[in-house]
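Single-structure report; data block below.
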Amino acid sequence: FGELAWAPHVIQAGGSYHMFWSPHKLHQMDSADGITWTNHRITMSVPYHKFFRDPMVIQVAEDQWLLYTTARGTYFSQVDVYQSFDLEEWQYIGTALRGSWGSERNSHFASMESPFVVQYQGRYYLSLTYNNDSFFWPGILLQFHIWLNPASYNDTLVFHSDNPYDFGVYRGRHRSPTLVTSLEAHAPEYVHHPVTGEWYITTAGWPWVATLTSGEAAVAPLRWEPVSGP
101 FGELAWAPHV IQAGGSYHMF WSPHKLHQMD SADGITWTNH RITMSVPYHK
151 FFRDPMVIQV AEDQWLLYTT ARGTYFSQVD VYQSFDLEEW QYIGTALRGS
201 WGSERNSHFA SMESPFVVQY QGRYYLSLTY NNDSFFWPGI LLQFHIWLNP
251 ASYNDTLVFH SDNPYDFGVY RGRHRSPTLV TSLEAHAPEY VHHPVTGEWY
301 ITTAGWPWVA TLTSGEAAVA PLRWEPVSGP
């Protein structure tokens, strides 16, 4: 389409498949079989915040969906949430996770990447890959396929909440009550098998920096373990 196409995300609703991708705008296409895609359109041309990318959609009620995206506020990285009742018109709701003083990474092009939300046993879990250091040179080095800290590429944080609109404020790893854990994965997605009840987690990444794979997507079993907390 003559534009970038980053981080496609697919859901099934109303007997059809719906694909979303970015950056900077929300693109959508439809499919009856998940293979052949038609009806390309832009359903959000001017997002509420800059550096809109990595859209992810979850259904929270009948005919109600939430869209989570990477974003950046005035000073800090954040995850934004939008809402739709038809998968076509999207309304900005607010910030699902806010960065604040104490947060370690706040790149000028945003550091809370690849948000993904799942529901498990009555609670919602938001994961994000925490990339891109706060100074300007990582963005420059990125153009030359240079990543100074390969371990940080797989730094994923997981937050929890009983409210899918609000996962709190991130003030660093030891000052953020909604932070559950960290995972070694890049841009993970979570898959639940409806018959067996098993869960799986994926990881992916650029081949020149990924350390868990050689650039391909990989999948592994996921085990949930109870933790204490609010």
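Numbered according to my numbering, the sequence shown spans residues 101 to 330. Glycine included, each C-beta is placed from N, C-alpha and C at the ideal position. Given the structure is predicted, the values throughout are model-derived calculations rather than measurements.
Can the beta-carbon of residue i be found closer than 8 Å to that of residue j?
i	j	result
Tyr265	Leu197	no
Leu312	Glu284	yes
Ala132	Arg172	no
Phe82	Gly194	The requested residue 82 is not part of the displayed model; the chain covers only 101 to 330.
Thr281	Glu289	no
Phe259	Gly272	no
Ala107	Arg153	yes
Ser214	Gly239	no
Thr348	Asp255	There is simply no residue 348 to check, as the chain begins at 101 and stops at 330 in what is shown.
Ser184	Leu167	yes
Based on DSSP bridge pairs, tell me the residues matched to residue i.
i	result
Gln255	The sequence given here has Asp at residue 255, not Gln. Answer by DSSP bridge pairing, in chain order: Glu284.
Gln128	Phe120, Arg141
Thr174	Paired residue(s): none; Thr174 is not in a bridge.
Gln221	In the DSSP output, where bridge partners are listed per residue, Gln221 has none listed.
Ile111	His118
Glu213	Thr229
Trp247	Answer is none; Trp247 lacks a bridge partner.
Pro294	None; Pro294 has no bridge partner.
Gly199	Tyr270
Thr303	Ala318
Leu279	Phe259
Ser184	Trp165
Ile158	Leu166
Trp308	For Trp308, which the question treats as bridged, DSSP gives no partner whatsoever.
Look up residue i in the DSSP assignment and say whether it is helix, strand or coil.
i	result
Thr228	The sequence given here has Leu at residue 228, not Thr. Note: Leu228 maps to strand in three-state DSSP.
Gly239	helix
Pro264	coil
Gly194	strand
Tyr168	strand
Arg153	strand
Ala318	strand
Val179	strand
Trp324	coil
Val146	coil
Count the other CB atoms, across all protein chains shown, that sit within 10 Å of the CB of residue i; report buried if there are 16 or more and exposed otherwise.
i	result
Leu187	buried
Trp165	buried
Ser227	buried
Trp121	buried
Asn139	exposed
Does any heavy atom of the ligand ADP sit closer than 7 Å to the C-beta of residue i?
i	result
Pro215	With respect to small molecules bound, the structure shown includes none, and the ligand ADP cannot be examined in it.
| request: Take every Cβ of the region 237-256, pair it with every Cβ of the region 171-187, and state whether three or more of those distances are shorter than 8 Å. | output: no
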